[in-house]
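In what follows, a structure is listed as structure tokens, so that the remarks can point back to it.
Protein chains: 2
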Amino acid sequence: MKIPFERMQQEFERILRSLSFSMAKAEKCASVFASNSLDGVYSHGLNRFPTFVNMVKDGLVNPHAEPEKIEANGSFERWHGHLGLGIYNADRCMNRAVELAKENGIGLVAIQNTNHWMRGGTYGWQAADAGCIGICFTNAIAGMPPWGGKSPALGNNPLVIAVPRKEGHVVLDMAMSQYSYGKMQEYNFKHESLPFPGGYDDEGNLTNVPSIIQKNKRALPIGFWKGSGLALLIDILVTSLSGGRSTKHITLDGKEFGVSQVFICIQQKEMQAALIEEILHYTKESGEAKPGGEITYPGENTLRTRLKNTAEGIPVNEQVWEAILKL
Amino acid sequence: MKIPFERMQQEFERILRSLSFSMAKAEKCASVFASNSLDGVYSHGLNRFPTFVNMVKDGLVNPHAEPEKIEANGSFERWHGHLGLGIYNADRCMNRAVELAKENGIGLVAIQNTNHWMRGGTYGWQAADAGCIGICFTNAIAGMPPWGGKSPALGNNPLVIAVPRKEGHVVLDMAMSQYSYGKMQEYNFKHESLPFPGGYDDEGNLTNVPSIIQKNKRALPIGFWKGSGLALLIDILVTSLSGGRSTKHITLDGKEFGVSQVFICIQQKEMQAALIEEILHYTKESGEAKPGGEITYPGENTLRTRLKNTAEGIPVNEQVWEAILKL
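From first to last, the protein sequence lines stand for chains A and B. At position 295 of the first sequence the residue is numbered 295 (our numbering), and the sequence of numbers has no breaks. At position 205 of the second sequence the residue is numbered 205 (our numbering), and the sequence of numbers has no breaks.
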């Protein structure tokens, strides 16, 4: 079943309005949720929307809260999210980072007590659309043990790096685990094993079985000790720069709210488009490892999916869509 | 065989002076090379020094060059390294980023046509010693195929993130391959396999045999497609921000010189030391995966090795040390 982008966006907007979000917030939030599905990030689009609605109903997301600047130190500002709408807060922060970068070459906005931004890549595309390099990251509830450890103590803390490009931005949006829990669920639904080990079993051995990892929350950080270190540093950066809550407190609360985030923007007159093309071409010229394979840059498939889904409609699970219509 | 830090530094200084480096450059460079060995990063300390000397003799490093600011855009500056001493240029750039951050909260210095900085962590410790958060990265000669590709087209492009801390800075210094070529050489010398797959064999299958990867240069990026994407983005960032040479050109030249680098510094009055401690404790409380194991934060072992080697002397390979004395 396929649904046009505008149709999906309208439904989201209707529901958000009924949850007493302002028109501006409902529009922004509906557009981002629908865009996430449009871009093929289904786990953080339509499929996530019902969970988000429940968080609003449970009082974890305050529809009336506005983000507030609480401190300025030149081009580095600290904001407070007042447990408002994560998507709206993140959009506001990246916009502010763009302004700071346009004034001064580089800007950083750190926000505390905000909520889940859904797809981090959204704010990378936003910065790149504004002609800036955007870098952003967030912390999250613990879902990975640190290197050498047993219980989850690290968030999957995604890192986003976006570079503007006329033919299609280069946007890396990567979480720190080899597979997201959303991806593991997909494999589990299809009764398939993960192509590479995605975590540890209860005995501490690497495993490709998604259900085991979904249960024990011992997901594998990318590159073992390296991704473990990077996830830890991201938590330290967002927490110390925002003065907000770390993965520890988000985890102890048991529900993923009140997270900390950082948005960095860099602006330059000359974006060196020719140099970027040269790098992308060189990478693609490496030669396919397997016949018929393809080497893509981060963001390339996103754009391809966006164009396809714009033309053909967004593929949706019928049951999920029917449930949305009844909300 | 063990050599005191000061003794090693003096030898390096003597040799650097004989290569016509100024006293200031010789002192800085000798101190960094000796510190790398002191901190246990032997591959980029004493063991690397003879290779570095050859690069100077081959004219790839110009002892007389001074880095030069070529453009300023607020707190984002672009510098030219004039193919001078990589360590000296990197030190100057991180110092300048510290100054910019102290003026304006955040600063970025991008440098083109500089040379290998040896251990990236050096400049992370430098920023943290100045009370700042430091983030820096560099490109490098190709040593990894991109995800889905065959021939090496990505540099091992390390990423450094340092956070100041009274009890010992948190410093992540990670290259994008699962194992550095230096580490693979160590395993090869000991006739040991890598603990985890470190690259691909000539048929495109994952392998733990270091000699195969050393030969075909098909090292594995951390997290497969993820590390591949991050290595690519680092090359794009350093090249487009500095206007310098990308991994492509460094690789086509066949010798690793004239690289591009970025140094970012963030400064805040309140470093949130208590929040950082809380995160480190929470991580350590995860519980050892294996009895007797240990969970450490990035930089913890570095500091431990530094203290041990300061007290006992730096362990050196006798042949390498003898060769240094004859230089």
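Using N, Cα and C, we set each Cβ at its ideal position, and we do this for glycine too.
Next on the checklist: Contact criterion: CB-CB distance below 7 Å. Does residue 174 of chain B meet it with respect to chain A?
Outcome noted: yes
Checklist entry - Quick one: does residue 24 of chain A have its CB under 7 Å from some CB of chain B? => result no
Checklist entry - From residue 361 of chain A to residue 33 of chain B, what does the alpha carbon distance come to, in whole angstroms? => result In the structure as shown, chain A starts at 1 and stops at 327, and residue 361 of chain A therefore has no counterpart that could be examined.
Checklist entry - What does residue 271 of chain B touch in chain A if you count any residue whose Cβ is under 7 Å from its own? => result 240
Item to check | Paired residues, beta bridge with residue 265 of chain B - DSSP | outcome: B:107, B:134
Checklist entry - Taking Cβ to Cβ, would you say residue 260 of chain A is nearer than 7 Å to residue 219 of chain A? => result Their beta carbons are not under 7 Å apart, which means residue 260 of chain A does not touch residue 219 of chain A by this criterion.
Checklist entry - What is the residue span of the beta strand (DSSP E) that residue 233 of chain A lies within? => result Unbroken run through residue 233 of chain A is the alpha helix (DSSP H), 225-242; no beta strand (DSSP E).
Checklist entry - When the Cα atoms are used, what is the spatial distance from residue 128 of chain B to residue 156 of chain A? => result 25 Å
Item to check | At least 3 beta-carbon pairs within less than 8 Å: the region 275-295 of chain B vs the region 141-157 of chain A | outcome: yes
Item to check | Residues from the region 68-96 of chain A in contact with chain B, defined by Cβ distance under 7 Å | outcome: Listed in sequence order: 73, 74, 75, 76.
Item to check | Cβ-based neighbour list, residue 94 of chain A, same chain, cut-off 6 Å, excluding 5 preceding and 5 following | outcome: 123, 126, 127, 263
Checklist entry - If residue 40 of chain A sits next to residue 168 of chain A, beta carbons under 8 Å apart, how far is it from one beta carbon to the other, in whole angstroms? => result About 14 Å separates the CB atoms of residue 40 of chain A and residue 168 of chain A; that is not less than 8 Å, and the two are not in contact.
Item to check | Beta-carbon proximity of residue 142 of chain A to residue 251 of chain A, cut-off 7 Å | outcome: yes
Item to check | Residues that residue 79 of chain A bridges to, as DSSP identifies them | outcome: A:69, A:111
Checklist entry - For the candidate residues A:111, A:245, A:183, A:29, whose alpha-carbon lies nearest to that of residue 16 of chain A? => result A:29
Next on the checklist: Can you tell me whether residue 1 of chain A is buried or exposed? The criterion is at least 16 other CB atoms within 10 Å of its CB, across all chains shown.
Outcome noted: exposed
Next on the checklist: Taking 6 Å as the limit between beta carbons, can you name the residues of its chain near residue 38 of chain B, skipping five residues before and five after?
Outcome noted: 5, 306, 309, 314
Next on the checklist: Whether or not the region 63-77 of chain B and the region 95-113 of chain A are in contact is what I'm after, with contact meaning three or more pairs of Cβ atoms, one per stretch, closer than 8 Å; do they touch?
Outcome noted: yes
Item to check | Whole-angstrom distance between residue 18 of chain B and residue 173 of chain A, CA atom to CA atom | outcome: 49 Å
Item to check | Beta-carbon separation (whole angstroms), residue 235 of chain B vs residue 246 of chain B, contact threshold 8 Å | outcome: 6 Å
Checklist entry - So residue 303 of chain B is in the alpha helix (DSSP H); what residue range does that whole segment cover? => result Here the alpha helix (DSSP H) through residue 303 of chain B covers 300-312.
Checklist entry - How would you call residue 230 of chain B, buried or exposed, if buried means at least 16 neighbouring beta carbons within 10 angstroms? => result buried
Checklist entry - For residue 163 of chain A, which residues from the same chain have a beta carbon less than 6 Å from its beta carbon, with the 5 sequence-adjacent residues on both sides left out? => result 133, 170
Next on the checklist: Which residue marks the beginning of the alpha helix (DSSP H) containing residue 182 of chain A, and which one marks its end?
Outcome noted: 181-189
Next on the checklist: Can you look up residue 207 of chain A in the DSSP assignment and give me helix, strand or coil?
Outcome noted: strand
Checklist entry - Assuming residue 83 of chain A and residue 65 of chain A make a contact with CB atoms under 8 Å, what is their CB distance in whole Å? => result 6 Å
Checklist entry - CA-CA distance, residue 217 of chain A and residue 186 of chain B? => result 34 Å
Checklist entry - List, in order along the chain, the chain A residues whose C-beta lies closer than 9 Å to that of residue 237 of chain B? => result 133, 135, 161, 163, 266
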